[in-house]
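Residues in the sequence shown are numbered from 1 upward in steps of one, following the working numbering. Here a beta-carbon is modelled for each residue, glycine too, at the ideal position from N, C-alpha and C. Predicted model only: the values in this text are computed from it and were never measured.
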Amino acid sequence: MENKKRVLITGCSSGFGLYTAIEAAKAGFDTIATMRNPKKTAALENALKSANVTATIDILDVTDPENIKKIAEKYAPIDILINNAGILITGSFLDLSMEESRLIFETNYFGPVALTRAVAGQMIERKQGLIINVASLAGLVGHMFNAAYSSSKHALVGFSRSIHTELKPFNIDVVCVEPGYHKTEIIGLNANVAENFYNPDSAMADYNRGFLRLMLKEIVPRAGAPEGVTKLILKIMQTKNPKTHYTIGKDAALILTAKKLGLQKLLEKTALKKLLTATRREKRRQEARKQKRKNKQ
Ligand SMILES: NC(=O)c1ccc[n+]([C@@H]2O[C@H](COP(=O)([O-])OP(=O)(O)OC[C@H]3O[C@@H](n4cnc5c(N)ncnc54)[C@H](OP(=O)(O)O)[C@@H]3O)[C@@H](O)[C@H]2O)c1
């Protein structure tokens, strides 16, 4: 049977947003797939075409209040809102500028808050609705060299848990999805490093590079397939009484289990050891490259 509930998703140019838009359309949802960059519609258009399904594509930058207002009004009534758009700028908190920190918060926290505020009125009036916030494992535990990202996701988790109770009397569910690392563009083409990441004068210069090495050699290759997250989001969309939050990913399961068992210190010790090893190796590699260049001169 066709399900004609309307779902509005942010950040559909790639990753979880793109896959979720396709799966939602396949499942019969009236899908409004939004993205901030009008030049990036091709990937979603092609994927929809290949799947032989349709969705409405529109432009939404979650840091733009006017844009948010326009889209919320244009597509009312919205049954399901998926706050998925997000950015990551890696680097020590000392090398991330305040502007970069603010941009992370504008996108990952204030964007979802503003859009939820814009859509909540319609849901309250109709006494029905579902809001899914894509947070992160980094919203539950600290994440070295991603302090602003982790803080913004902690804020989003706190927001979700808080408004969950506020909106309950209106039959509106608020669910948080907290994935560990998954192979999407946030750790690919969209990966960004802080303004001062490579600044040789920074006390963190070697450690930034060491962390990047750790990411590329150990974390990215082990990241999960994004389809699992999409499947989970679709399941939540089709569940009558969803839980307040869902954590997903092998890394997330391991870290949260260790935390529950009181092994936090061991986790931190292991992470630090890996960082120091990666930093040493990266430093040796940089020195070898320098020497090679010198020998050529
Ligand atoms: N992949 C992971 O390992 C992982 C783990 C935990 C949580 N998450 C979260 O999952 C969500 C989706 O990310 P992803 O992994 O699918 O990465 P992705 O492929 O990089 O997708 C991120 C999406 O957000 C969009 N976006 C960024 N800034 C925006 C803005 N101001 N307004 C509207 N859209 C904006 C991007 O658009 P552009 O193409 O224009 O940049 C892109 O469509 C994010 O909230 C992320 O933090 C991801």
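query, result
"In or out: L266 buried (at least 16 other Cβ within 10 Å) or exposed?", "exposed"
"Any heavy atom of ligand 1 inside 7 Å of the beta-carbon of K40?", "yes"
"Would you check if there are 3 or more beta carbon pairs closer than 8 Å linking the stretch 166-179 to the stretch 50-66?", "no"
"When you compare each of T34, R36 and A55 to I22 by their alpha carbons, which one comes out closest?", "A55"
"Taking all protein chains shown into account, decide if K5 is buried (16 or more other Cβ within 10 angstroms of its Cβ) or exposed.", "buried"
"Express the C-alpha separation of Y246 and A253 in angstroms, rounding to a whole number.", "11 Å"
"Please check the pair L137 and G180, which I expect to be a contact at CB under 8 Å, by giving their CB distance rounded to whole angstroms.", "4 Å"
"From the DSSP output, read off the bridge partner residues of M35.", "I59"
"Please say whether Q122 and I78 have beta carbons closer to each other than 8 Å?", "yes"
"Classify N241: buried if its beta carbon has 16 or more other beta carbons within 10 angstroms, exposed otherwise.", "exposed"
"Distance, Cα to Cα, I186 vs L232?", "19 Å"
"Tell me which residues share the same chain as S143 and place their Cβ nearer than 6 Å to its Cβ, disregarding the 5 neighbours each side in the sequence.", "The sequence shown places His at residue 143, rather than the Ser named in the question. Only S150 meet the Cβ criterion."
"Between which residues of its own chain and R280 is the CB-CB distance below 8 Å, once the five residues before and five after are set aside?", "G210"
"Let me know the secondary structure DSSP gives E178 once reduced to three states.", "strand"
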